[in-house]
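Participant: First the structure, which I've put down as structure tokens, then a few questions once you've had a look.
In our numbering, the protein residues as written are 1180 to 1804.
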């Protein structure tokens, strides 16, 4: 049946399709049903998205074409890039974008030539790089860039010959930032590094001749850092470092050991050479026999008072357990199973007790339900009987009525009222519900009792399968005698430590005992009881004497190290106070000496500021690390 266009209006989707230019034959002459309208809605949405995308793409292309015609290259490039973002596969736009970039590259090239004619090489190089970014196939730009790079390299070499090293390095670095493989620029950088190394080396020589060894060491390290092997800076730095170590060295003047015990093997362990071996080698800490005047250090006088070996034997007893036989004992596993069985049986008793109580409650409730049901049946029977009697009396009385419209009093409907037994009916329903709950409780108790009986039977089977007794090993203790042999060597050493720069009227001797002991046990062997013979294996007395001497030397080295720590602590504090101006020559002298005194752990609050002030990449090289 055809539809009237003047009566029915278009669906909104159809209106949208009509506005979008969709043929009316597609829509049909009549409004679409619900399913067709859903399909048309999806079609409209897809068409709207397509039209939106096309409009954004077309608009961007039009903007790019307009900007290209007006030679606004940046705006044209941005517009074409937006078009490609909407449609990455648009080959026509890619071609247009390439043409724009080529034209823009030619414009930038012309500007670069104009700037190059004025001699501004840096600005011309930046423009040429931009031209090549726009068009990598621009041969003219590449040739001109090569010419500019060569000109900057020549300019750098001229600055290098004129000893303007910073300007030369800036030119070479600029060239390498554009062309990292430029051979002439690389050679120029090498030349600048060598020139810096020679300059710093010459500075170090001048400072060394002036007696400023700390500053000279920093200059030599900087020269070696600039170019390794270009100068003899590393060898000179090591020589200056050694001079500084000798200058700030803490001297330990060790006099020959006075052997009052007549033990040369122990006394030689306290000699100067052994003491030097105990001290850290990285620090300027020297052990000498004679010291010049005015040097920091201590004088150490040692005397070996006595060497006392002592060997003692102590008797004691030990026990050894051995297997004497086997015996039968109650099986502990069966005992555990029996305990579990007893718990399960007691639990079964409780469950059965609860089951019996539930059964009694159920039977009592059934009896009460029966009594209530009988009472309700009697009440209903009484109501029926009374109602029948009332109906009979009503019939008799109706027959006796003579006139029409008369209603005898015996025919009152209230005489057949059925609400007299409502209380009995309500009580019967309540008792039936309570009886049902008791029945459910009884069933749950029966199920629980059955599960507990099964559990009891399982425990009973497990218990009876386990034997009553088991065999266990029987041990006994065998007591045997043991001898403890202990050998102790005690070396008594008196040390007098004097400060080289401070005169002490009365020296304070310090006498210490250094004991080294070794012990071992010995006993006989008894094969029956599994006791293996253990003979005495004590260390040799000569070994213990040497060890006692080494122990005394290590303690003396520790005490000397404490004196050295106090000495270098003062130097480090002086250096820290000067870190407000770490580049000053006097501060550098003090700081370098403090760093050499702390070569085992250089303080970073001194090392890092000094390195930054003098341009050192690795300031720890100052102390030889």
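Just so you know, even glycine gets a beta-carbon here, dropped at the ideal spot from N, CA and C. A quick note: this is a predicted structure, and the numbers were derived from the prediction, not measured.
Three or more C-beta pairs closer than 8 Å, one from the segment 1429-1444 and one from the segment 1469-1476: is that the case here?
Facilitator: yes
Participant: If distances are taken between C-alpha atoms only, which option among 1741, 1670 and 1390 comes closest to residue 1445?
Facilitator: 1670
Participant: Under the rule that 16 or more other beta-carbon atoms within 10 Å means buried, what is residue 1284, buried or exposed?
Facilitator: Around the beta carbon of residue 1284, a 10 Å sphere encloses 16 or more other beta carbons of the protein chains shown; the residue is thus reported as buried.
Participant: If you pair each beta-carbon of the segment 1233-1243 with each one of the segment 1256-1275, do three or more pairs fall below 8 Å?
Facilitator: yes
Participant: Helix, strand or coil: how does DSSP classify residue 1531 here?
Facilitator: helix
Participant: Once the 5 residues before and after residue 1698 are set aside, which same chain residues still bring their CB inside 8 Å of it?
Facilitator: These residues qualify, in order along the chain: 1663, 1664, 1665, 1666 and 1717.
Participant: To which residues of the same chain is residue 1406 closer than 6 Å at the C-beta, ignoring the five residues directly before and after it?
Facilitator: So the list reads 1372, 1373 and 1376, once near-sequence residues are dropped.
Participant: Would you tell me roughly how many angstroms separate the C-alpha atoms of residue 1325 and residue 1351, rounded to the nearest one?
Facilitator: 14 Å
Participant: Excluding the five sequence neighbours on either side, which residues of its own chain have a C-beta within less than 6 Å of the C-beta of residue 1723, listed in chain order?
Facilitator: Contacts found: 1668 and 1695.
Participant: How is the beta strand (DSSP E) around residue 1704 delimited, first residue to last?
Facilitator: Note, residue 1704: premise wrong, no beta strand (DSSP E); not H, not E.
Participant: Where DSSP assigns a beta bridge to residue 1441, which residues make up the other side?
Facilitator: Looking at the DSSP assignment, residue 1441 forms no beta bridge with any residue, so it has no partner.
Participant: In whole angstroms, what separates the C-alpha of residue 1409 from that of residue 1403?
Facilitator: 8 Å
Participant: Apart from the five residues on each side of it in sequence, which residues of its chain come closer than 6 Å, Cβ to Cβ, to residue 1320?
Facilitator: 1288, 1307, 1310 and 1311
Participant: Counting along the chain, where does the alpha helix (DSSP H) carrying residue 1787 start and finish?
Facilitator: 1783-1793
Participant: Please classify residue 1578 as buried or exposed, where buried requires at least 16 other C-beta atoms within 10 Å of its C-beta.
Facilitator: Residue 1578 comes out exposed.
Participant: In chain order, what residues of the same chain lie with their CB nearer than 7 Å to the CB of residue 1590, ignoring the 5 residues before and after it?
Facilitator: The answer, listed in chain order, is 1573, 1576 and 1577.
Participant: If I measure Cβ to Cβ from residue 1711 and keep anything under 7 Å in the same chain, skipping five residues before and after, which residues do I get?
Facilitator: 1704
Participant: If we count the other Cβ atoms within 10 Å of its Cβ and call it buried at 16 or more, is residue 1468 buried or exposed?
Facilitator: Residue 1468 comes out exposed.
Participant: If you draw a straight line from the alpha carbon of residue 1617 to that of residue 1540, how long is it in whole angstroms?
Facilitator: Residue 1617 and residue 1540: Cα-Cα distance of roughly 7 Å.
Participant: Please name the residue in 1560, 1385, 1332 and 1240 whose C-alpha comes closest to that of residue 1362.
Facilitator: 1332
Participant: From the DSSP output, in three-state form, read off residue 1634 for me.
Facilitator: helix
Participant: Where are the alpha helix (DSSP H) runs, 4 residues long or more, that stay fully inside the segment 1585-1659, in chain order?
Facilitator: 1601-1644
Participant: When burial is assigned at 16 or more other CB atoms within 10 Å of the CB, is residue 1490 buried or exposed?
Facilitator: exposed
Participant: Are the segment 1522-1530 and the segment 1625-1644 touching by the rule of at least three beta carbon pairs closer than 8 Å?
Facilitator: yes
Participant: In its own chain, which residues sit with a C-beta less than 6 Å from the C-beta of residue 1304, not counting the 5 before and 5 after it?
Facilitator: 1327
Participant: Go through its chain and collect everything with a Cβ distance to residue 1606's Cβ below 7 Å, but skip five positions before and after it.
Facilitator: 1551
Participant: Go ahead and pull the three-state DSSP assignment for residue 1507.
Facilitator: strand
Participant: Would you report the Cα separation of residue 1588 and residue 1560, rounded to the nearest angstrom?
Facilitator: 24 Å
Participant: Touching or not, the segment 1651-1659 and the segment 1563-1572, by the rule of three or more beta carbon pairs under 8 Å?
Facilitator: no
Participant: Does the beta-carbon of residue 1256 have 16 or more other beta-carbons within 10 angstroms, so that it is buried, or is it exposed?
Facilitator: buried
Participant: Could you give the DSSP three-state label for residue 1805: helix, strand or coil?
Facilitator: Nothing can be reported for residue 1805: it is not among the residues displayed for the chain, which extend from 1180 to 1804.
Participant: Cα separation between residue 1721 and residue 1687?
Facilitator: 31 Å
Participant: Check each candidate in 1621, 1368, 1423 and 1764 and name the one with the smallest Cα separation from residue 1346.
Facilitator: Of all alpha-carbon atoms in 1621, 1368, 1423 and 1764, the one lying nearest the alpha-carbon of residue 1346 is that of 1368.
Participant: Can you give me the Cβ contacts of residue 1260 inside the same chain, cut-off strictly under 8 Å, excluding the 5 residues immediately before and after it?
Facilitator: 1276
Participant: Counting pairs of Cβ atoms below 8 Å between the segment 1441-1459 and the segment 1414-1426, do you hit three or more?
Facilitator: no
Participant: Which residues in the same chain as residue 1279 place their Cβ atom closer than 7 Å to its Cβ, once the five residues preceding and following it in sequence are excluded?
Facilitator: Exclusion of the five residues before and after residue 1279 leaves 1247, 1252, 1255, 1256 and 1259 as the residues of its chain whose Cβ lies within less than 7 Å of its Cβ.
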